[in-house]
Amino acid sequence: MNILIVDDEQLVRWFLERALIRWGHKVISVASAREAITALQEEDIDLMFTDLRMPEENGAILVNKLSEIATRKRPEVIVCSAYITNEMAESFKNRGIKVLRKPFKLEELEVVLSQLA
153 MNILIVDDEQ
163 LVRWFLERAL
173 IRWGHKVISV
183 ASAREAITAL
193 QEEDIDLMFT
203 DLRMPEENGA
213 ILVNKLSEIA
223 TRKRPEVIVC
233 SAYITNEMAE
243 SFKNRGIKVL
253 RKPFKLEELE
263 VVLSQLA
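Counting with my numbering, you get residues 153 to 269 for the letters of the sequence shown.
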């Protein structure tokens, strides 16, 4: 699976990259919504992990723009954030978007990925 990680925290990107690569995925990692837009336009992305709170545009805006951005296909989305309210989580769920609350364990990541398969 081709996975895009969008998070301004380098440690989070590194953690996700290492786990996903070890599990056999191809990973592109970026620090901003602007870089994510470029990656979505240039690459065939199956899944996008995105943080909500980032400088410039936040992850919710990025998710809302996906249908305009993704030139090949709309990827599955997992929103990863420590700032997700129950209302936000329900809204994402109703739109088919998975939620992973930070901090999370590798086991939680595996469960969310298995739900996409």
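For each residue, glycine too, the CB sits at the ideal point set by N, CA and C. From a predicted model like this one, the values you see are computed outputs, not experimental measurements.
By the beta-carbon neighbour count (other beta carbons within 10 angstroms, threshold 16), Ala188 is buried. Between Ile236 and Val215, the gap from beta carbon to beta carbon reaches 8 Å or more. Secondary structure of Arg247 (DSSP, three-state): coil. Around Ile157, the same chain offers Arg165, Leu168, Ser181 and Phe201 as residues with beta carbons nearer than 6 Å, after the five sequence neighbours per side are excluded. Closest option to Val229, judged by alpha-carbon separation, among Phe244, Leu163 and Glu220: Phe244. Membership of Glu228 in the beta strand (DSSP E) is indicated by the continuous run Glu228 to Ser233. If the five residues before and after Arg205 are omitted, its C-beta is found closer than 7 Å to the C-beta atoms of Ser233 and Tyr235, all from its own chain and listed in chain order.
Exclusion of the five residues before and after Ile221 leaves Ile189 and Leu192 as the residues of its chain whose Cβ lies within less than 6 Å of its Cβ. Within the same chain, and ignoring the five residues on either side of Lys254 in sequence, the residues whose Cβ sits closer than 7 Å to its Cβ are Cys232, Ser233 and Ala234.
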